[in-house]
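Numbering (mature numbering (1 follows the signal peptide of the UniProt record, and there is no 0)), first residue to last: -27 to -1, 1 to 76.
Data first, discussion second: the structure below is written as structure tokens.
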Amino acid sequence: MKSSRRSFLITSLGVATTVALSRQAFADAPKATEADPTSQALGYKLDATKVDKAKFAKYAPGQDCSNCTFYQGKATDAFAPCPMFGGKQVAGKGWCSAYNKKA
Ligand code: SF4
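Here is the structure:
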């Protein structure tokens, strides 16, 4: 009885530590650069207003990462992870061709 309670405590502690560590990893995720192969493929720009409009006709002014479905942060966050970039952080003011307006 005693040992099962102890193992429960150890397990709980392990879970709490894992959650804390993954949150930390999330916040420390590297930032995607425009030179990254994914950025090149998706036309990612740190500044949405610099998007190549001839190449990405779907871009419309006002679209940026902060109002995209995939942005994993608050709209006010300067950077947040994006699953399209393997969890790397993208700029709230950025844009890429996988943009999907948040409902
Ligand atoms: S998918 Fe959305 S959040 Fe991610 S880089 Fe593209 S526009 Fe930004």
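By construction, the Cβ of each residue, glycine as well, lies at the ideal position given by its N, Cα and C atoms.
These figures come from a predicted structure and were not determined experimentally.
Notebook entry, point to check: Alpha carbon to alpha carbon, how far is P3 from Q45?
Noted result: As a position in the sequence shown, residue 3 is number 30, starting the count at 1. As a position in the sequence shown, residue 45 is number 72, starting the count at 1. Straight through space, the alpha carbons of Q45 and P3 are spaced by roughly 14 angstroms.
Next item on the list: Please go through the same chain and pick out, in chain order, the residues whose beta-carbon is closer than 6 angstroms to the beta-carbon of A51, but skip the five residues on each side of it.
Entry: Taking the sequence shown and counting its residues from 1, the one referred to as residue 51 is at position 78. So the qualifying residues of the chain are G65.
Next item on the list: For C38, write down the residues that DSSP places opposite it in a beta bridge.
Entry: What you label residue 38 is simply residue 65 of the sequence shown in a count that begins at 1. DSSP output for C38 lists no bridge partner at all.
Notebook entry, point to check: Roughly how many angstroms separate the alpha carbons of W68 and C38, rounded to a whole number?
Noted result: Here residue 68 is taken as the residue at index 95 of the sequence shown, counted from 1. Here residue 38 is taken as the residue at index 65 of the sequence shown, counted from 1. When rounded, the distance between both Cα atoms is 5 angstroms.
Notebook entry, point to check: Does the Cβ of G67 lie closer than 8 angstroms to at least one heavy atom of the ligand SF4?
Noted result: If you number the sequence shown from 1, residue 67 lands on position 94. For the ligand SF4, at least one heavy atom lies less than 8 angstroms from the Cβ of G67.
Notebook entry, point to check: Measuring from the CB of F58, is there a heavy atom of the ligand SF4 at a distance below 8 angstroms?
Noted result: Taking the sequence shown and counting its residues from 1, the one referred to as residue 58 is at position 85. Indeed, a heavy atom of the ligand SF4 lies less than 8 angstroms from the Cβ.
Check: Among F58, L19, Q62 and M57, which residue has its Cα nearest to the Cα of K47?
Finding: Against the sequence shown, residue 47 aligns to sequence position 74. The option with the nearest alpha carbon to K47 is Q62.
Notebook entry, point to check: Can you name the start and end residues of the beta strand (DSSP E) that P56 belongs to?
Noted result: One-based indexing of the sequence shown puts residue 56 at position 83. Run containing P56: none; DSSP gives neither H nor E here.
Item checked: Buried or exposed by the 16-neighbour rule on C-beta atoms within 10 Å, applied to P54 -> To locate residue 54, count along the sequence shown from 1; it is residue 81. The residue in question, P54, is buried, as its Cβ has 16 or more Cβ neighbours within 10 Å.
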